[in-house]
Amino acid sequence: MKIPFNILNKTFLMHQDEYEKKILEIMRKGWYILGDEVKNFEIEFAKYIGSKYSIGVDNGLNALVLAFRELGIGEGDEVLVQGNTYIASVMGITMNRATPIFIEPDEFYNIDVNKIEDAITIRTKAICVVHLYGQASNMEEIKKIADKYKLHIVEDCAQSHGASFNSKKTGTFGIGCFSFYPSKNLGCFGDGGAITTNSELQNRDFRVLRNYGSEKRYYNEVVGYNSRLDELQAGLLRIKLSHLEELTNQRTYIANRYLNEIVNSKIELPKIRKGATSVWHLFIIKTNERDKLQEYLEKNGVGTVIHYPIPPHLSEAYKYLGYKEGDFPITEKHAKTILSIPLYNGMTDEEQSYVIDIINGYN
Ligand SMILES: *Cc1c(COP(=O)(O)O)cnc(C)c1O
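Residues 114 to 476 (our numbering) are what the sequence shown spells out, left to right.
Right, here's the structure in full:
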């Protein structure tokens with residue numbers, strides 16, 4: 114049997130007729146940028162997340178860039194962010210010329226709240242919380258610290274569509290930054306993203322910033338961006354969003370099978386924080402023999418990926434920050450021991466069982 118790490122068109126095939134009908138409807142209508150599809154998607158997505166507003170943008174990275182820009186965070190300012198994240202979380206900070214301050218993760222792969230206060234200085238302006246792999250971070254403690262030191266919260270929700278902490282969805286605790294890149298839980302058919310906020314002022318600012326700094330056509334208030342979500346992607350996202358609960362339930366079903374049925378003393382399974390839920394964007398296992406295990410799985414037809422092999426502080430792109438190996442030992446250890454195994458919508462029971470059997474047979 115051969116199980117690839119992911120198969121992207123399965124969710125399309127599940128509701129093919131709906132997607133095809135919508136594509137033709139939009140093509141024939143002749144309105145392709147900032148029309149009814151974007152407007153309706155924004156209303157439906159805000160309702161799903163439980164935020165007052167949502168603003169469609171062109172991708173997850175630019176959602177983050179606009180968030181820090183709106184907050185006025187720039188040169189000389191510091192933003193706290195976990196060291197073990199996808200590099201886009203950090204680029205959202207540095208593209209605004211602010212400085213990322215890395216924090217080690219906890220046992221749930223999210224920012225370790227016990228290490229935040231020591232890193233706060235007079236220059237700290239915000240905490241960038243990444244709900245990594247689909248699990249909500251410890252928002253109760255993060256909110257307490259943010260209130261105490263008057264820091265903004267920017268949530269990187271690129272992997273956590275629908276995950277919650279104490280029954281509140283991620284993206285409602287601060288400015289929520291979402292990606293709809295095809296492999297994300299709510300993926301579109303190209304690039305896409307959204308910002309969520311409860312502030313009317315921020316809602317307006319983001320609408321202006323994503324469209325060349327103008328609210329009224331040809332009247333430009335600030336130097337903005339072209340960061341709009343297309344009508345076509347928005348229309349297709351409306352369909353996917355209407356099925357998201359069912360898609361998340363499928364992912365949870367597979368994750369629960371892995372949690373219950375993978376038994377191998379060499380392998381550590383992911384844990385769930387009390388009060389938090391995960392939407393299982395990725396299923397991460399951990400082992401000291403990672404490269405050997407990956408090779409064994411490959412040989413047996415099971416595709417895997419490492420999310421992520423090089424932590425941002427050691428990447429070529431951030432050489433200028435001056436970090437070296439050993440500066441963040443927990444983050445670096447994770448990069449050497451984690452492995453993501455196949456978990457995707459449309460994966461059959463038989464395929465799940467095969468993955469479980471092969472992993473259990475590793476010794
Ligand atoms: C995917 C991702 C992003 C970036 O989203 P894009 O839409 O690809 O720009 C940011 N942060 C995290 C954690 C991601 O997984």
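Don't be surprised by glycine CBs; every beta carbon is placed ideally from N, CA and C. Just so you know, these numbers come straight off a predicted model, no measurement behind them.
Compute the Euclidean distance between the alpha carbons of residue i and residue j, then round it to the nearest angstrom.
i       : j       : result
Cys-241 : Lys-115 : 38 Å
Lys-387 : Trp-393 : 16 Å
His-356 : Asn-227 : 37 Å
Glu-411 : Gln-465 : 16 Å
Asp-404 : Tyr-457 : 23 Å
Ala-211 : Asn-473 : 46 Å
Pro-95  : Leu-427 : The question about residue 95 has no answer, for the chain in this structure spans 114 to 476.
Thr-365 : Gly-247 : 11 Å
Ile-186 : Lys-282 : 25 Å
Arg-320 : Glu-313 : 11 Å
Tyr-331 : Phe-291 : 28 Å
Glu-230 : Ile-258 : 7 Å
Lys-263 : Glu-188 : 19 Å
Cys-301 : Gly-289 : 18 Å
Gly-439 : Val-178 : 29 Å
Glu-268 : Gln-195 : 12 Å
Glu-445 : Gln-346 : 37 Å
Phe-278 : Glu-402 : 33 Å
Asn-172 : Tyr-199 : 14 Å
Ile-471 : Ser-296 : 24 Å
Asn-209 : Thr-400 : 37 Å
Ile-233 : Glu-220 : 22 Å
Within this structure, are the beta carbons of residue i and residue j separated by less than 8 Å?
i       : j       : result
Ile-354 : Gly-305 : Going by the sequence as given, residue 354 is Leu instead of Ile. In this structure, Gly-305 does not lie closer than 8 Å to Leu-354 by Cβ.
Ile-454 : Glu-374 : no
Ala-448 : Ile-308 : no
Ser-164 : Thr-361 : no
Ser-327 : Asn-333 : yes
Ile-397 : Tyr-222 : yes
Ser-280 : Ala-249 : no
Ala-201 : Leu-174 : yes
Phe-118 : Gly-416 : yes
Lys-238 : Val-192 : yes
Glu-344 : Ile-120 : no
Val-170 : Arg-317 : no
Ile-224 : Ile-235 : no
Ile-385 : Ser-391 : yes
Ile-352 : Tyr-132 : yes
Is it right to say residue i is buried, meaning 16 or more other beta carbons lie within 10 angstroms of its own, or is it exposed?
i       : result
Pro-425 : buried
Gly-205 : buried
Ile-156 : exposed
Tyr-294 : buried
Asn-369 : exposed
Leu-137 : exposed
Leu-126 : exposed
Asn-298 : buried
Gly-275 : buried
Tyr-145 : exposed
Val-335 : exposed
Glu-183 : buried
Glu-358 : exposed
Thr-461 : exposed
Tyr-433 : exposed
Going residue by residue through the region 390-460, where are the continuous beta strand (DSSP E) segments of at least 3 residues, counting only ones entirely within it?
Within the region 390-460, the complete beta strand (DSSP E) runs of at least 3 residues are 396-399, 451-454.
Report the residue ranges of all alpha helix (DSSP H) runs contained in full by the region 237-277; include only those spanning at least 4 residues, in chain order.
Listed in chain order, the complete alpha helix (DSSP H) runs (minimum 4 residues) inside the region 237-277 are 252-262.
Uninterrupted beta strand (DSSP E) stretches inside the region 154-235 (no shorter than 3 residues):
Within the region 154-235, the complete beta strand (DSSP E) runs of at least 3 residues are 166-170, 191-195, 212-216.
So within the region 315-381, which uninterrupted alpha helix (DSSP H) runs reach at least 4 residues, ignoring any that extend past its ends?
Secondary structure in the region 315-381: the alpha helix (DSSP H) runs of 4 residues or longer, each lying completely within the stretch, are 344-355, 357-374 in chain order.
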